[in-house]
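Quick note: the sequence shown, position 129, residue 129 per my numbering, numbers continuous. Backbone N, C-alpha and C define an ideal beta-carbon position, used for all residues, glycine too. From a predicted model like this one, the values you see are computed outputs, not experimental measurements.
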Amino acid sequence: MMIFSKIDNLDRLSFDMEIKTRKVYKNITRVKGGMVHVIDWKISLYINGYKLDEDEVFVDDVYFNSLLYPGKYPMFTCTCGIFGCGGYYVDVVHNNETMIWTTEQSPFTDRTIKSTNRFVFSWSNIIEFTEELIQRLEDLKSLMLSNELEFQYDLEKYKDIMQEIKIKRK
Numbered sequence: 001m002m003i004f005s006k007i008d009n010l011d012r013l014s015f016d017m018e019i020k021t022r023k024v025y026k027n028i029t030r031v032k033g034g035m036v037h038v039i040d041w042k043i044s045l046y047i048n049g050y051k052l053d054e055d056e057v058f059v060d061d062v063y064f065n066s067l068l069y070p071g072k073y074p075m076f077t078c079t080c081g082i083f084g085c086g087g088y089y090v091d092v093v094h095n096n097e098t099m100i101w102t103t104e105q106s107p108f109t110d111r112t113i114k115s116t117n118r119f120v121f122s123w124s125n126i127i128e129f130t131e132e133l134i135q136r137l138e139d140l141k142s143l144m145l146s147n148e149l150e151f152q153y154d155l156e157k158y159k160d161i162m163q164e165i166k167i168k169r170k
């Protein structure tokens, strides 16, 4: 994780991805079991170096859709996977030079952080963040496939979205 502070009144979005591999015993049939690989991973988001609340899970697919179209997105959901349980919406606005997030609540783990719940990111930061996210997801995909595990994210769609964003922002 890199620590960033506000520069020129722009916020900075970054992330850290933690991946752990382990083996567990699993019953494969009623009479036979075996050790299988399990890969645990999570993405932690940071705005200006402050960690976003881990009780809210970043929804990658929703994020990628928000890159193409402004609107109100359920970008964070509860750790249980049910949005209504604890997630919140992010209003996304696109300008020529910036992408603005307005959150329904303070997104930070540390509740003492003073925040307006409005974050202005440069498109260059968003592009850099997104390219790094895609690369880390590709690394995760390789690891999962090498352990014969299913990978559920559509990286080709994410790459296409990224290409479209780069073309728009030239």
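Margin query: If you follow the beta strand (DSSP E) that cysteine 78 is in, where does it begin and where does it stop?
Written below: By 1-based counting over the sequence shown, the position of residue 78 is 78. Here the beta strand (DSSP E) through cysteine 78 covers 71-78.
Item checked: Best match in Arg118, Tyr63 and Thr98 for proximity to proline 107 [C-alpha to C-alpha] -> Here residue 107 corresponds to residue number 107 of the sequence shown, with the count starting at 1. It is Arg118 whose Cα lies nearest to the Cα of proline 107.
Check: At least one CB of chain D closer than 8 Å to the CB of cysteine 78: is that the case?
Finding: This model lacks chain D altogether, as it is built from one protein chain only.
Check: Cα separation between serine 146 and threonine 112?
Finding: Residue 146 sits at position 146 when you count from the first residue of the sequence shown. Residue 112 sits at position 112 when you count from the first residue of the sequence shown. Distance between the alpha carbons of serine 146 and threonine 112: 43 Å.
Notebook entry, point to check: Which ranges would you report for the alpha helix (DSSP H) in the stretch 17-102 if only whole runs of at least 4 residues count?
Noted result: 60-68 and 83-86
Check: Are the stretch 9-21 and the stretch 43-55 touching, with three or more C-beta to C-beta distances below 8 Å?
Finding: yes
Check: Looking at the structure shown, is arginine 169 part of a helix, part of a strand, or coil, going by DSSP?
Finding: Here residue 169 corresponds to residue number 169 of the sequence shown, with the count starting at 1. Arginine 169: coil per DSSP, three-state reduction.
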